[in-house]
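Structure first, commentary second.
There are 2 protein chains.
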Amino acid sequence: MAYENIRIVLVNTSHPGNIGGVARAMKNMCLQDLVLVDPIAEFPSGKATARASGAVDILEQTRVVATLDEAIADCQWVVGASARLRTIPWPLLDARDCAVKAVAESESHRVAIVLGRENSGLTNEELEKCHHLVHIPANAEYSSLNIAAAAQVLAYEVHIAHLAQAGKAKLKIENDYPRINAQELEGLYQHFEQALMAIDFYDPDNPRQLMRRLRRLFNRAELDRMELNILRGILSAAEAAQKRR
Amino acid sequence: MAYENIRIVLVNTSHPGNIGGVARAMKNMCLQDLVLVDPIAEFPSGKATARASGAVDILEQTRVVATLDEAIADCQWVVGASARLRTIPWPLLDARDCAVKAVAESESHRVAIVLGRENSGLTNEELEKCHHLVHIPANAEYSSLNIAAAAQVLAYEVHIAHLAQAGKAKLKIENDYPRINAQELEGLYQHFEQALMAIDFYDPDNPRQLMRRLRRLFNRAELDRMELNILRGILSAAEAAQKRR
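As given, the protein sequences belong to chains V and U, one line each in that order. Just so we're aligned, residue 0 is where the first sequence starts under numbering that gives the first Met the number 0, counting upward by one. Just so we're aligned, residue 0 is where the second sequence starts under numbering that gives the first Met the number 0, counting upward by one.
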């Protein structure tokens with residue numbers, strides 16, 4: 000487990016106090032890597048600093064980026080906080096199981112835990128970039144946690160999972176090729192779209208659920224570099240077959 | 000377990016926003032009984048109401064009393080949040096074990112979880128009124144959680160302990176299509192071989208590891224029927240592109 004390999008990503012956060020609250024929650028639980036995607040709140044801000052209290056150092060290291068893609072590009076495992084994905088089911092973990100997996104992944108990979116807007120969470124498009132969704136069990140009649148409170152619960156579970164696993168011998172699957180990151184995965188989906196259009200399997204004007212289902216499938220599969228190369232090789236061969244006509 | 004038998008008690012809280020944050024954390028986790036001991040913050044207050052968000056009903060039912068003794072008078076089990084008791088050792092539980100005991104106690108007793116001042120916590124005199132102290136495992140270098148964050152972690156653990164005790168099923172992924180069987184999977188691999196030969200990506204005389212790697216990938220992915228149909232559709236479209244030459 001490497002705490003420094005677990006990143007918290009906040010998308011379009013509106014309230015500066017929440018950014019400070021998340022920073023404090025992170026530092027309390029030994030996390031340090033905070034990335035803000037296009038914050039609506041002013042940042043840096045006095046309100047964030049006040050709420051961060053003893054975690055001002057986290058805010059000082061916080062990076063601001065324009066897009067979620069940038070925030071997760073170098074991460075091999077991405078998990079998004081969500082009440083539910085409305086259109087199709089997505090692999091789902093509760094907070095405790097998510098933390099256990101995050102700690103295991105962080106041994107050799109970079110992990111991103113993504114939290115969405117205060118009022119509307121993450122969009123479907125954002126959730127589809129995630130390998131898993133994470134759900135904090137809550138009151139069915141009022142299940143929406145404050146974003147800093149959600150970060151606190153998730154960071155707390157990560158810390159507890161780390162304490163539980165520390166020192167324990169771990170069975171590790173030795174992979175012969177490294178796991179791909181979010182940027183490589185996004186490149187694969189662009190290649191899929193392009194190739195499937197070329198062979199007349201995909202019509203962007205009538206997309207139905209095609210790309211979403213492919214994303215769910217290959218996010219879940221946690222591809223390595225060789226598998227990525229094979230899939231892209233197949234797509235290129237299909238495009239070439241079409242062009243030879 | 001009776002959620003209504005678990006009370007949160009806040010002593011001398013300074014910031015109205017924290018009172019609202021505690022109320023929201025409680026309602027998110029099905030708790031409802033909040034008592035304020037001699038708050039320093041104005042109460043009721045607009046800041047508390049704003050932070051409470053959808054938990055304003057909790058604030059409306061909140062009682063204000065003058066002393067900790069009044070707040071816990073009718074409780075059979077009282078637990079106080081503390082980093083450590085300075086003068087004498089006291090029975091100590093971590094947050095998870097505290098929640099399990101609180102849920103068990105709440106079957107037949109009234110429970111109070113007491114949280115102290117933002118800057119100085121509970122006094123020794125107050126801690127000595129408690130049956131147990133509860134400690135939230137945290138970063139040794141910065142272990143002081145915001146009071147609403149601490150309430151969130153404790154309330155979350157109570158809710159999880161309740162779910163566990165109620166024997167409720169873990170979070171389940173509802174899949175919209177059934178998982179495919181081994182025969183369907185074998186058919187997919189035959190289709191892969193045939194289509195990849197057609198588009199000149201696979202040479203059976205020089206197979207290398209191609210089919211083995213595809214098998215490892217799609218076995219691991221645990222495909223459903225719709226995903227199978229999509230993959231076979233793509234393979235058929237690639238074959239058709241080739242044939243149109």
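Even glycine gets a Cβ: it sits at the ideal position worked out from N, Cα and C.
V:Gly45 is outside the set of residues whose beta carbon lies under 9 Å from a beta carbon in chain U.
If you look at U:Ala111, you'll find it in the beta strand (DSSP E) that goes 110-114. Exclusion of the five residues before and after V:Gln151 leaves Ala24 as the residues of its chain whose Cβ lies within less than 6 Å of its Cβ. Distance from U:Gly79 to U:Leu144 at the Cβ level is roughly 15 Å; contact not present, criterion being Cβ atoms closer than 8 Å. Between the segment 106-114 of chain V and the segment 4-22 of chain V, the count of Cβ pairs shorter than 8 Å is three or higher; the stretches touch.
Shortest Cα-Cα distance from U:Gln208 to any of V:Met225, V:Ala72, V:Glu140, V:Gly19 involves V:Met225. For V:His158, the CB contacts under 7 Å within the same chain, skipping 5 residues up- and downstream, are Met28, Cys29 in chain order.
Close CB contacts of V:Leu58 within its chain, under the 8 Å cut and outside five residues either way in sequence, are with Ile18, Gly19, Ala22, Leu33, Pro43, Ala47, Thr48, Ala51 (chain order).
Here U:Ile18 carries a helix assignment [DSSP, helix/strand/coil]. Sequence-distant partners of V:Leu230 (beyond 5 residues in either direction) whose C-beta falls short of 7 Å from its own C-beta, in its chain, are Leu187. Residue-level contact by beta carbon holds for U:Phe217 and chain V, with a gap shorter than 9 Å.
In the three-state DSSP reduction, U:Arg23 falls in the helix class (H, G or I).
Between the C-alpha atoms of U:Ala1 and U:Ala103 there is a straight-line separation of about 9 Å. For the segment 132-154 of chain U, the residues whose beta carbon sits under 8 Å from a beta carbon of chain V are, in order, Ile135, Pro136, Ala137, Asn138, Tyr141, Ser142, Ser143, Leu144, Asn145, Ala147, Ala148, Gln151, Val152. In this structure, the straight-line span from the alpha carbon of V:Ala137 to that of U:Ala94 is close to 17 Å.
When beta bridges are read from the DSSP output, V:Gly120 appears opposite V:Arg116. Taking 9 Å as the cut-off, the Cβ atoms of U:Val77 and U:His130 count as close.
Annotated as distal: V:Ala220 and U:Arg62, with beta-carbon spacing of 9 Å or more. DSSP links V:Gly79 through a beta bridge to V:Val113, V:Leu132.
With the criterion set as a beta carbon lying under 7 Å from some beta carbon of chain U, the members of the segment 0-29 of chain V are Gly20, Arg23, Ala24, Lys26, Asn27, Met28, Cys29, in sequence order.
When secondary structure is reduced to three states using DSSP, V:Leu9 falls in the strand class. Distance check between U:Glu124 and each of U:Leu67, U:His14, U:Ala149 places U:Leu67 closest, using alpha-carbon atoms only.
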